[in-house]
Structures are given as structure tokens and as C-alpha cells.
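Numbering (the working numbering), first residue to last: 6 to 505. From the three backbone atoms N, C-alpha and C, an ideal C-beta is built for every residue, glycine too. Remember, predicted model here, so these are calculated numbers, not experimental data. Here the structure is laid out as C-alpha cells; the discussion comes afterwards.
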Amino acid sequence: MALYEKYPVHLSNSLGGKKEVFKPVNPGHIGMYVCGPTVYNDVHLGNVRTFLTFDIVSRYFRHLGYKVRYVRNITDVGHLENDADEGEDKIAKKARVEQLEPMEVVKHYTEGFHEVMRQFNILPPSIEPSATGHLVEQIEITKNLIDKGLAYEVNGSVYFDVMKYHTSHNYGILSGRVIEDLIESGRKLDSQDEKRNKIDFALWKKASPYHIMRWPSPWSIGFPGWHIECTVMSTKYLGETFDIHGGGMDLKFPHHECEIAQAVGANGKQPVNYWLHSNMLTVNGQKMSKSLGNSFLPRQLFAGDHALLEKGFGPMTVRFFMLQSHYSSTLDFSNEALNAAEKGFRKLSNALGTVKKLEHTGGSDNAELRDDLLKMVDACYSNMSDDFNTAKTLAALFEMSARINDFKSGNLSLKNISEETFHAFRNAYIQIMEDVLGLREEEEHNHELLSGVINVLIDLRKKARVDKNYALSDKIRDDLKQLGVQLKDGKDGEINFTIE
RNA sequence: GUUAGUGUACCCAAGAGGUUUAAGGGAUCUCUCUGCAAAAGAGAUAUUCAUCGGUUCGAAUCCGAUCACUGACUCCA
């Protein structure tokens, strides 16, 4: 029996707002699409949380035995400065500002994005398509929508006719927006006169003379609208109806609503069975935003290089910190919370190192102990299958850590469990930590030279202790502590150290 | 204004009607181990879940109202 049959996944579907049992279109296979970054600037922590969320989703599904095709795009064109479909393309603007070719900007920030993903141990998707690589498809679907009467051309630009679509479908099915309210409340810009209705959105925009990124189309030299790329790339690689579509909460409207309208308009069916949205980040209770000056970049967080940060925090600490909350809740960043996470993560990380070194010594099951251990293993899976509840899974791992330390110290004896139980317990801990949650030891500044020097001092301290020269042994320990090196004396006389 | 969501201990946070006499992490305190530390283990710290009503045999969990906060879309500047 595959793991996914033993632990069927339940997930909260934004489309309908209910928690449902997950059933893939094709048994054993999963198609998942996630809106990737617009590569005109550095990724910020909000982006990281979204990609982390779906990293967990794909890791867990794979761990359960599903074959996952995970598509996450790179938006390298078409994301307009504002959703009035006016203004300059973000990438083109940046290119002019920095006197670079647009594709130079794209490459620079794409590589930066990949580096950040690597630091957070977020695995790459199966396919990472770019919008500019799919212009032909975007033009084709635009033609299709015009043919169906759901889009119209004005002055070389093409717009999606929302009211027309709404006569036979439901615009607002995902976001809960009421179309009448949208029409009433909007403001009218002069330049929006091209549209039949202000809520219409662009499928193709004619390029103004200053626009650097431009391609030929049946309607004009121009560039595609923002929403169409995701529809095209998800359909191309995952089919007209696929399993999961993810993204940040802020994309729910209008972006994902528009995607649904385009796909339903073009193909006549709902494109996605399960919509998943990850929630936003706040800082000290306030939303994280550039204008408030409280947003920070990953590298600022690592270095502690920001007015709101007392010190730096490693990427694994941050990853752990984010996993301690549910992806659908807002999460608050603060020094206090980060400090707590750092200590908590160190505890798990230490237990991971310990459990790897544990070896079964031969014995048979004590029923009570066995049930206790296996119950925790089961909890990990049940919790993960319950809408990817990483917080509860971590709680289970902390309890397992206590047992692991008991085995190490001798409070519990490995002779009281069978080899089978031991391996089930040990493997679950390691796999849930490393494969599913993607947590690994923080990349310490572990230079061989430094370790060697510390070990020399440790040897001296050992000798001092044997000689009961505690004044000297304490001096070695205290002086090292001053420098950020913590020595830990084991019962057996062995000494370990950690660098802070 | 429209719409979606949130409000749980000193801090972060889980919780989707009875298995919770409210997980887990941090903090604080006590004890065990230890030459002393550190680490680790054991225990303690919310009669209570923003407020007020209601439904129910039973609610943090459902409904209504109020207050506060957040996102999106607007509005104003």
C-alpha cells in the first residue's frame, strides 16, 4: 500500500473554501502550478514563504509516493506597474533605469532568486518556464478568446470581456467578488477608455514607443498581459484541468480570478481542482511592506543588516520558524520570535545528529514503549496529511527528540525495542526532518582549521580535568565561551562544542 | 466602501462541536545528572480562548452583533 493510501491528504481549497480529501486527476500523479516571481527585483521574505509552502507540498506528496510534476514560472515580461493595465512594464522600466538590456535584468534577478531558493533548501520545480518563452501560445489563446467572442481588439490591444464572460460563467467564483460592486466602485482613468468595461483586463498590449520589450502579433507590436502567461504555461505542461494551483494570497484577485476566466473561456472547463493560497508576513504586528520600511531581504536577515533586526538568523532557522505556523495564517516576524525559533531549531538539529548516530543494540519490544514511539511516527504523517500542518508535525518531532535524547543518555534503553521499531522510529524522524520539512543543519562557519584548534584546546581541557585542575579547565571553557564557542562535557569524558 | 481572513498564556503558535481537565517552541522557576557549567531528562507556569449575546446535553471551535488588526480591490491625497 502506498503511503498516500494510508494517509490520504486533506487540503483547504480556496475554491469553495472547504477542506477536502485530495483526489488527483490521474491516480498516483499530481500536476501542480505555482505563480513564480517577477524577476525585476530581489525576492523578499514574503515570496520565500510562498515558495517554501509549496516546496513542502511537493516534498510531502513525493514522500507519500506520488509522482509530482511541479511547474513554477518565471515572469520575465508582462507584469504591468499597476493593474489598470497602464504604465510601463516593470522589467522594461528597470532596464531603462539601470541602462541594461531587459534580459540582462531578467538573468541577474533570476540567478539571485535561485540562490535564495538554494539557501533556504527550497527544491527546484520540475519545469520552470518563462513568459517570454511562450509568446506563441499566448497569442494563440488570445486568438481563441477573440474567436469565441470573449475578447476584443481596440487600437492594437486586446482585452478580455468580463461582462460577456459573466453572462454564462461566474466571474468571482474564486475571490467572492461581486461583479456589480467591482464595476461601481472603480475609478475611471482616461487611458482606460479603450476598454468596454473598467473591469476588463489586457490579454495583449500595444507597445508605446518607449517600451523596450516588444514582439509582433496579429494586432500590434506589443507584449502580453500579465494574467495570460500562467494560463498558457499551466495548460501546456499540466493539461486543461490539473490538480493544484498555488500562490500567495495577494494573487487571489485579480490574478487567479482572471486565470480562471481565461481558461474557462478558452477551454470550457475549470482549469484547477484545488486552489491553495499561502498567507502574508507581518513584522511586529504590522504588514511587511516597502513603504513602511519594515520589509527585509533574505541577505539582510542572514546578516542582521536591518534596523529592525538585533542580529542575523540563518536560513534554516527562518525555515523552521515559518514551518512553526500554518501556511494559511499570517505570520509575525519579530526578534523575540526568531530568537525562540533559533533555540528550538537547534534542539531539533541536535536530536537529528544524535539519532543518526544511534545504533540498535538488539532487543525486543516493550509494548508500551513501542506504542509510544509508533504513535509519534503516526502523528507526523497524520498531521502532514491534514492540510500540511507542519506546526503539529514539528510538535511531534519535539516529543520524538525527547525520546532520542533519552536513548542517548540511557534514560531509555534500546534493548526495550525491536530492530523493526527502532528503524521505523529512526527513519521517520530523519525523513520527516530532512526530506519532508527540508530541515538540515545550519551551514556553520565550520572551518577545518578552527575545528582543529578547538580540538587541541579540548584535549588540554580533558587533561586538566583528569588532573583536577579545574581552574585551568574552567578558564579554557570560559574563554572559549567568550568567543562564542560552547563546550559540552559528556558523561563519558568526551567533549563536544558548538559555535554560536 | 466591497471582499477575504485574523484576534488563544509573558512572546511565537497549534486547535475546524465531546479523544484537549487548550499541542509544541521560547521565557521563567524547581528537581535529576554533573567537580562546576553547558547539554539532556522530569515537573510547574491560561479554570481559559477579543467582547457581548445565541444555538447545543456539550463551543476556543457553529450563528449574530460589537471592537481591533491584516490582505486584495477601491476611494482620498
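Residue i burial status per 10 Å Cβ neighbour count (16 or more: buried)
i, result
"Leu328", "buried"
"Leu8", "exposed"
"His428", "exposed"
"Asn432", "exposed"
"Tyr215", "exposed"
"Val44", "buried"
"Glu106", "exposed"
"Ser478", "buried"
"Gly36", "buried"
"Ser162", "buried"
"Glu262", "buried"
"Asn160", "exposed"
"Ser418", "exposed"
"Tyr332", "buried"
"Gln405", "According to the sequence shown, residue 405 is Met rather than Gln. That one is buried."
"Ser414", "exposed"
Spatially closest choice to residue i from the options, by CA coordinates
i, options, result
"Tyr157", "Ile184, Asp205 and Ser135", "Asp205"
"Ile435", "Phe118, Lys169, Val62 and Leu353", "Leu353"
"Leu444", "Asp411, Lys480, Asn355 and Val471", "Asn355"
"Met218", "Leu357, Leu485 and Asp94", "Asp94"
"Ala136", "Pro130, Ser19, Gln291 and Val82", "Val82"
"Ile151", "Glu106, Leu208, Ser131 and Ser173", "Leu208"
"Val39", "Gly22, Ser63, Asp472 and Gly177", "Ser63"
"Trp231", "Asp370, Ser222, Pro214 and Leu256", "Leu256"
"Asn74", "Met405, Asp440, Ile481 and Lys241", "The sequence given here places Arg at residue 74; Asn does not occur at that position. Checked all of Met405, Asp440, Ile481 and Lys241; the closest Cα to Arg74 is Lys241."
"Lys420", "Thr58, Arg466, Arg375 and Ile437", "Arg375"
"Ile226", "Gly36, Ile144, Thr115 and Asp440", "Ile144"
"Tyr164", "Lys210, Asp186 and Leu187", "Lys210"
"Ser456", "Ser423, Lys112, Val490 and Lys380", "Val490"
"Ser131", "Lys72, Leu179 and Val121", "Lys72"
"Ser239", "Lys169, Lys397 and Pro134", "Pro134"
"Ile463", "Lys24, Gly495 and Ala268", "Gly495"
"Phe506", "Leu128, Lys99, Leu20 and Thr115", "The question about residue 506 has no answer, for the chain in this structure spans 6 to 505."
"Lys203", "Leu442, Ala212 and Met168", "Met168"
"Asp337", "Met293, Asp310 and Ala312", "Met293"
"Ile500", "Asn474, Val461 and Ala476", "Val461"
"Phe350", "Leu243, Phe403 and Lys362", "Phe403"
"Leu442", "Leu492, His113 and Leu399", "Leu399"
"Val288", "Gly273, Lys274 and Leu313", "Leu313"
Supposed close pair residue i, residue j - CB separation, criterion 8 Å
i, j, result
"Ala401", "Ala384", "4 Å"
"Asp248", "His15", "Their Cβ separation, rounded to whole angstroms, is 14 Å, which puts Asp248 and His15 out of contact at 8 Å."
"Gly252", "Thr503", "Not really, about 39 Å apart at Cβ, beyond 8 Å."
"Arg558", "Asp166", "What is shown of the chain runs 6 to 505, which leaves residue 558 out entirely."
"Val76", "His139", "Contact flag wrong, Cβ pair sits at about 12 Å."
"Thr366", "Asn410", "Not a contact, Cβ separation roughly 17 Å."
"Gln291", "Asn299", "6 Å"
"Asn126", "Arg324", "7 Å"
"Pro13", "Val30", "Between Val30 and Pro13 the Cβ distance is about 16 Å, and since that is not below 8 Å, they are no contact."
"Arg171", "Ile184", "Correcting the residue identity first, residue 171 is His in this sequence and not Arg. With 8 Å as the limit, His171 and Ile184 qualify as a contact, their Cβ atoms being about 6 Å apart."
"Phe307", "Leu50", "With 8 Å as the limit, Phe307 and Leu50 do not qualify as a contact, their Cβ atoms being about 11 Å apart."
"Glu234", "Pro276", "Actually they do not touch by this definition, with Cβ atoms about 14 Å apart."
"Tyr386", "Asn18", "Not confirmed; about 21 Å, so no contact."
"Leu20", "Ile146", "Contact flag wrong, Cβ pair sits at about 21 Å."
Beta-carbon gap between residue i and residue j smaller than 7 Å
i, j, result
"Ala346", "Asn149", "no"
"Ser334", "Asn284", "yes"
"Met389", "Tyr65", "yes"
"Ile79", "Gly41", "yes"
"Phe258", "Ser339", "no"
"Asp47", "Gly117", "yes"
"Asp370", "Ser423", "yes"
"Asp440", "His34", "no"
"Tyr176", "Ala266", "yes"
"Met466", "Ile481", "Here residue 466 is Arg; the residue named in the question, Met, does not match the sequence. Their beta carbons are under 7 Å apart, which means Arg466 touches Ile481 by this criterion."
"Glu447", "Met321", "yes"
"Leu357", "Phe430", "no"
"Gly319", "Gly309", "no"
"Leu363", "Phe326", "no"
"Lys99", "Val110", "yes"
Check: residue i C-beta below 6 Å from any heavy atom of the ligand HEM
i, result
"Asp205", "With respect to small molecules bound, the structure shown includes none, and the ligand HEM cannot be examined in it."
ask   = What runs of the beta strand (DSSP E), each 3 residues or longer, lie entirely inside the segment 40–90?
value = The qualifying runs are 72–77.
query = Can you list, in chain order, the stretches of the beta strand (DSSP E) that have 3 or more residues and sit fully within the segment 361–430?
reply = The qualifying runs do not exist here; there are none.
message = I'd like the ranges of any beta strand (DSSP E) spanning at least 3 consecutive residues and lying wholly in the segment 272–344.
response = Correct list: 277–283, 286–288 and 336–338.
message = Report the start-end ranges of each alpha helix (DSSP H) in the segment 193–257 that is 4 residues or longer and not cut off at the edges.
response = Runs of alpha helix (DSSP H) with 4 or more residues, each lying fully within the segment 193–257, are found at 233–243, listed in chain order.
query = Which full runs of the beta strand (DSSP E) of 3+ residues lie inside the segment 90–169, going along the chain?
reply = Runs found: 156–159 and 162–165.
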